[in-house]
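Numbering-wise (the numbering used here), the sequence shown opens with residue 24 and increments by one. Step one of this worksheet: look at the structure below.
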Amino acid sequence: MRLYEHEAAQIFSDRGIPVPRFEVARSPTEARGAASRIGGPVVLKAMVLVGGRGKAGGVRRARTPAEAEKIASEMLGGEIRGEAVRALMVAEQVEVERELYLSIILERSEASHLLLASGEGGMEIEEIAAQRPESLARIAIDPLIGLRDYQLRRAIATLELAGDQARSFAEVAKRLYSIYRDYGCELAEINPLVVSRGGGLRALDAKMIIDDNAVKTLGLELGREEGTGLEAEARRLNFTYVELDGDIGIIGNGAGLTMATMDMVKLYGGRPANFLDIGGGASAETVYKAATLLLRNERVKIVLLNVLGGITRCDEVAAGIVKAMKEDGRGRRLVVRLVGTREEEGRRILRENGYEYLESMEEAARKAVEMASAPGGTA
Ligand code: GDP
Ligand code: MN
24 MRLYEHEAAQ IFSDRGIPVP RFEVARSPTE ARGAASRIGG PVVLKAMVLV GGRGKAGGVR
84 RARTPAEAEK IASEMLGGEI RGEAVRALMV AEQVEVEREL YLSIILERSE ASHLLLASGE
144 GGMEIEEIAA QRPESLARIA IDPLIGLRDY QLRRAIATLE LAGDQARSFA EVAKRLYSIY
204 RDYGCELAEI NPLVVSRGGG LRALDAKMII DDNAVKTLGL ELGREEGTGL EAEARRLNFT
264 YVELDGDIGI IGNGAGLTMA TMDMVKLYGG RPANFLDIGG GASAETVYKA ATLLLRNERV
324 KIVLLNVLGG ITRCDEVAAG IVKAMKEDGR GRRLVVRLVG TREEEGRRIL RENGYEYLES
384 MEEAARKAVE MASAPGGTA
């Protein structure tokens, strides 16, 4: 289960990770009140579970309480990537010198945890891994030993932090790891973790995905509206899934890449059936569940999978998608573009099971559109 940013930010704050002052507002008047209590410029953020809100208009700035009220009235009741905006987080605006990335994720295949840190914050982890691999420190944490000082020194060296900032970073990372462990997380992420104008570090975003069994064990009371249908089910599985009215089912990793895939399909005259982001580091099991969920949408004629493997391993993706497609009672067809970590192995799995793959996103999108518009469609 993914927590809302304000839920995760509250946990971070309780556990000593510095976060900007914030309040939750459910009406424009509440937003105005929150902004005046916080004092000074604020950021209004849509409390939705989809990522990449910044690029989708879900993070806006206001200088005064009156402006906060006005912007809140525009945001509340609207949608971000198909998800209704029912609440906003009103947060103190921070002056940013540098954006860093920090997360801890579960590495299922190796039964360990992985700390990921980069000096290129603000971008999604898959983009960082693909475009700025040299900026990324990947540190395996043995669950029996925990996070060690020499490992933190390695991350600090990669991020080129010194003095107080290096010390604060080590402190934040240790606290994030203890939250991750205590809450039974699959992911705890701060993106961006910023160096503010005054020099201190602050978590400007907070993301936690908690293992469903841990949710039950901890008896977390979050008063969540679960809803029904595939979208709600996807939410419980921690995917971002939004249903649209076309016939090309799209699966990508990372909000940016998934959006780009949809745009490409539209560019070639096709119609996306959905937006489905499996996120970073998906296992074969995750891909299988995502594809199975997608195939339950009757409108889907063709499945287009576009994965850029950074943290995500192409062999895991291939194994998961192959299993789901083979089980599809309607025999629908698959178009794949798969590049990155362990791509050779991933492609071998596809070939051996009779699936093709294309090198570029353009080719894959064009092929999917062609297949969807062919008479018979699914044959
Ligand atoms: P996301 O796009 O859903 O990950 O939402 P974020 O909460 O990470 O916000 C998106 C971007 O807005 C961040 O990467 C920051 O660059 C920027 N941002 C958010 N809050 C602040 C703030 O208080 N000050 C400044 N300067 N930038 C902010
Ligand atoms: Mn963010």
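Each residue gets a CB set at the ideal place from its N, CA and C atoms; glycine is no exception.
Asked, Found
"Return the chain-ordered ranges of every alpha helix (DSSP H) run that is complete within the region 329-377 and spans a minimum of 4 residues.", "337-350 and 366-375"
"Taking 7 Å as the limit between beta carbons, can you name the residues of its chain near P166, skipping five residues before and five after?", "S135 and H136"
"Any idea what DSSP makes of S219, helix, strand or coil?", "strand"
"Sort F262, E97 and L67 by Cα distance to A85 and report the nearest one.", "L67"
"Given this structure, state the Cα-to-Cα distance separating G223 from G144, to the nearest angstrom.", "16 Å"
"Are the region 73-82 and the region 92-108 in contact at 8 Å, needing three or more beta carbon pairs?", "yes"
"Give a yes or no on whether the C-beta atoms belonging to P41 and L99 are separated by under 8 Å.", "no"
"Does any heavy atom of ligand 1 sit closer than 7 Å to the C-beta of D172?", "no"
"Check whether the Cβ of P215 lies closer than 7 Å to any heavy atom of ligand 2, and answer yes or no.", "yes"
"Locate the beta strand (DSSP E) running through A114, then write down its first and last residues.", "L111 to E115"
"In three-state DSSP terms, what is F192?", "helix"
"Could you have a look at L381 and say whether DSSP puts it in helix, strand or coil?", "strand"
"Just to check my reading of the structure: V310 and L317 have Cβ atoms closer than 8 Å, yes? What is that Cβ distance to the nearest angstrom?", "Actually they do not touch by this definition, with Cβ atoms about 10 Å apart."
"Between I325 and E149, is the Cβ-Cβ spacing less than 8 Å?", "no"
"Determine the extent of the beta strand (DSSP E) in which T263 is found, giving its start and end residues.", "T263 to E266"
"For ligand 2, is there any heavy atom lying closer than 7 Å to the beta carbon of D228?", "yes"
"From the DSSP output, read off the bridge partner residues of G279.", "Looking at the DSSP assignment, G279 forms no beta bridge with any residue, so it has no partner."
"Any idea what DSSP makes of M287, helix, strand or coil?", "helix"
"Roughly how many whole angstroms lie between the Cα atoms of S191 and E97?", "37 Å"
"In three-state terms, what does DSSP make of V47?", "strand"
"In three-state DSSP terms, what is E308?", "helix"
"Leaving out the 5 sequence neighbours to the left and right, which residues in its chain are closer than 7 Å to V71 when beta-carbon positions are compared?", "G81, I103, E106 and V108"
"If you count every other CB in all the chains shown that lies within 10 Å of the CB of G302, and 16 or more means buried, which is it?", "buried"
"Counting pairs of beta carbons, one from the region 286-302 and one from the region 168-182, are three or more of them closer than 8 Å?", "no"
"If you reduce the DSSP assignment to three classes, tell me which class E244 lands in.", "Because E244 carries a pLDDT of 48, less than 50, the predicted location of this residue cannot be relied on, and no value is offered for it."
"Just to confirm my understanding: we take S141, look at its own chain, exclude 5 residues before and 5 after, and list those with CB closer than 6 Å. What are they?", "Y124, I151, S158 and L159"
"Are the CB atoms of A54 and A79 within a distance shorter than 8 Å?", "no"
"Just how far apart, CA to CA, sit M282 and R374?", "27 Å"
"Report yes if the CB atom of T284 is closer than 8 Å to the CB atom of L327, and no otherwise.", "yes"
"Just curious, the alpha helix (DSSP H) that I148 is in, first and last residue?", "I148 to Q154"
"Go to S126, then tell me how far its beta strand (DSSP E) extends in each direction, as first and last residue.", "V119 to E130"
"Any heavy atom of ligand 1 inside 7 Å of the beta-carbon of G74?", "yes"
"Does DSSP classify L137 as helix, strand or coil?", "strand"
"Report, in whole angstroms, the separation of the C-beta atoms of A307 and A342, which I expect to be a contact under 8 Å.", "4 Å"
"Would you decide whether E120 is buried or exposed? Buried here means 16 or more other CB atoms lie within 10 Å of its CB.", "exposed"
"For V288 versus A391, is the C-beta distance shorter than 8 Å?", "yes"
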